[in-house]
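Asker: Okay, here's the structure, questions in a sec.
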Amino acid sequence: MKKVNWTVVLAGIAVGIAAVALTALGNPANMGFCIACFLRDIAGGMKFHSAGVVQYIRPEIAGLVLGAFAMSLITKEFRAKSGASPVTRFVLGVVIMIGALAFLGCPLRMIIRLGGGDLNALVGLAGFAAGIGVGVVFIKKGFALKRNYSMGGVEGYILPAFMAVLLLLAVLVPALFASSESGPGSMHAPIIASFAIALVCGALAQRARLCTAGGIRDTILFGDLKLLWGFLAIFAVVLAGNLFLGKFKLGFTGQPVAHNDHIWNFVGMFVVGWASALAGGCPLRQLILAGEGNGDSAITVFGMIAGAAISHNFGLAGTAKLVADGGGVGLNGRIALIACIAVCLIISLVNLPKAQKN
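Dropping the structure here:
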């Protein structure tokens with residue numbers, strides 16, 4: 160178990176190259192490949208929130224889901240299944256997104272930001288690992304959501320079909336959707352390149368079971384570094400790419416789409432780590448599992464989209480400025496993060512075996 164899994168490393172290298180390439184092609188700096196940011200932009204593009212600078216139907220999300228879908232069909236791993244505490248998983252998706260948008264990035268973007276020299280992401284990494292650690296404590300005590308069941312019909316095809324139709328409509332009838340004229344939502348690589356790159360990454364991530372949360376969880380639980388190598392491969396490639404292109408900038412200030420509100424950077428990613436451990440995977444892994452036919456992960460993805468709308472409609476997301484300039488996480492966001500910790504604790508406790516509850 161402790162040997163290097165080169166499939167995981169290859170998938171990590173591919174995602175790292177994708178992040179660098181997509182940034183070079185037009186995606187925001189240090190945000191070449193961010194699941195939370197892209198789902199947030201999709202929520203804005205569908206007019207679920209009115210934050211004008213983050214509205215765009217990101218092709219990368221459809222690419223990841225459909226890449227995983229295609230690979231799972233090829234390898235005969237596609238399984239339509241669902242029924243494992245769907246409402247709880249929806250809530251966990253909302254919680255993950257609230258935490259990620261307070262930090263301004265998902266775990267994948269956290270790694271990409273580290274590769275660009277953003278030390279605020281190091282604070283986020285500490286919080287992420289701590290949150291997973293708390294989740295592992297409950298997993299060791301027997302935490303588990305209800306089991307899922309094989310589903311007939313079209314259950315497993317819903318999210319891949321949804322993403323395919325959404326992207327097709329965005330290309331053919333763009334007037335249906337909101338699209339940013341400035342800010343991160345206005346910065347994007349060409350649609351075909353974005354989709355094709357993500358398609359390959361989705362296929363490789365499905366094959367490798369790539370998961371940022373899973374790497375830390377398995378290291379803590381079993382001393383198994385297999386998935387962690389994917390984490391390290393992404394970081395190494397992004398770091399090398401930024402050094403080569405002269406875009407590496409070490410420090411806490413002057414980082415693109417980031418803030419230096421350290422306490423709440425830590426807390427935001429703590430929430431993401433804990434909720435991801437309970438949900439069984441980080442945002443990237445949820446997309447890949449949904450592509451394989453897992454309806455529970457599809458529910459989690461829809462929860463993340465709802466969480467993005469909630470974050471921006473109620474002022475919970477972090478502001479990409481230095482704290483001295485009014486940036487960071489505001490009062491609404493801080494209250495929401497504390498509430499999210501309470502939600503994670505309740506979910507953790509009520510899903511322990513009865514003997515543990517007593």
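Add 159 to a position in the sequence shown, counting from 1, and you land on the number used in the working numbering.
For each residue, glycine too, the CB sits at the ideal point set by N, CA and C.
#1: Among all the DSSP beta bridges, which residues are the ones paired with K240?
#2: Under three-state DSSP, which class holds K161?
#3: Leaving out the 5 sequence neighbours to the left and right, which residues in its chain are closer than 6 Å to M160 when beta-carbon positions are compared?
#4: Is it right to say R132 is buried, meaning 16 or more other beta carbons lie within 10 angstroms of its own, or is it exposed?
#5: Quick one: is V502 buried, meaning 16 or more other Cβ sit within 10 Å of its Cβ, or exposed?
#6: Report, in whole angstroms, the separation of the C-beta atoms of L325 and V167, which I expect to be a contact under 8 Å.
#7: What residues in its chain sit with their C-beta under 6 Å from that of F429, if we drop five residues either side in the sequence?
#8: Where do the ends of the alpha helix (DSSP H) carrying G267 lie?
#9: Could you tell me whether the Cβ atoms of C370 and L443 are closer together than 8 Å?
#10: Exposed or buried, which one is Y215 when buried takes at least 16 other CB atoms within 10 Å?
#11: From the DSSP output, in three-state form, read off D377 for me.
#12: Hey, does A183 have any beta-carbon neighbour from chain C nearer than 8 Å?
#13: Whose CA, out of L475, L380, C441 and G204, lies closest to the CA of V296?
#14: Tell me, to the nearest whole angstrom, how far the beta carbon of V396 is from that of G175; I am working on the premise that it is less than 8 Å.
#15: Going along the chain, which residues of its own chain have a beta-carbon closer than 6 Å to the beta-carbon of L223, five neighbours each way excluded?
#16: So Q365 packs on A227, CB below 8 Å; how close in whole Å?
#17: Distance check for G405 and G315, CA to CA, integer angstroms please.
#18: Looking at G203: is its Cβ nearer than 8 Å to the Cβ of W388?
#19: I'd like to know if the region 237–252 and the region 339–346 are in contact, where contact means that at least 3 CB-CB pairs between them fall below 8 Å.
#20: Using the rule of at least 16 other Cβ atoms within 10 Å of the residue's Cβ for burial, across every protein chain shown, is L490 buried or exposed?
#21: Could you pull the start and end residues of the alpha helix (DSSP H) that N424 belongs to?
#22: When you measure from the CB of F336 to every non-hydrogen atom of the ligand FMN, does any distance come out below 7 Å?
#23: Please state whether DSSP places D277 in a helix, a strand or coil.
#24: Kindly indicate the opening and closing residues of the alpha helix (DSSP H) around N401.
#25: My understanding is that S353 touches L181, with C-beta atoms under 8 Å, so please give their C-beta distance in whole angstroms.
#26: Could you tell me the alpha carbon to alpha carbon distance between A153 and M190, rounded to whole angstroms?
#27: Count the other CB atoms within 10 Å of the CB of V431; is the residue buried (16 or more) or exposed (fewer)?
#28: Please classify K513: is it buried, with 16 or more other beta-carbons within 10 angstroms of its beta-carbon, or exposed?
#29: Taking the C-alpha atoms as reference points, what is the distance between V282 and F249?
Answerer: Put simply:
#1: S309 and N453
#2: Annotation note: pLDDT 49 at K161 (below 50); position unreliable, no value reported.
#3: Its pLDDT being 43, under 50, M160 is placed unreliably by the model, and the measurement read from it follows with that caveat. Same-chain partners within the cutoff: D383.
#4: The shown model of the chain, from 160 to 517, leaves out residue 132, and the question about it has no answer.
#5: buried
#6: Not quite, the Cβ-Cβ distance comes to about 29 Å (not below 8 Å), so this is no contact.
#7: G286, A289 and G290
#8: The identity of residue 267 in the sequence shown is Leu, whereas the question assumes Gly. Where L267 is concerned, the enclosing alpha helix (DSSP H) stretches over P266 to G274.
#9: yes
#10: buried
#11: helix
#12: You won't find chain C in this structure, because it holds only one protein chain.
#13: L380
#14: 3 Å
#15: A357, G361 and L446
#16: 4 Å
#17: 44 Å
#18: no
#19: no
#20: exposed
#21: H421 to A438
#22: The ligand FMN is not part of this structure, which contains no ligands at all.
#23: strand
#24: L387 to L404
#25: 6 Å
#26: Only positions 160 to 517 of the chain appear in this structure, which leaves residue 153 out of reach.
#27: buried
#28: exposed
#29: 27 Å
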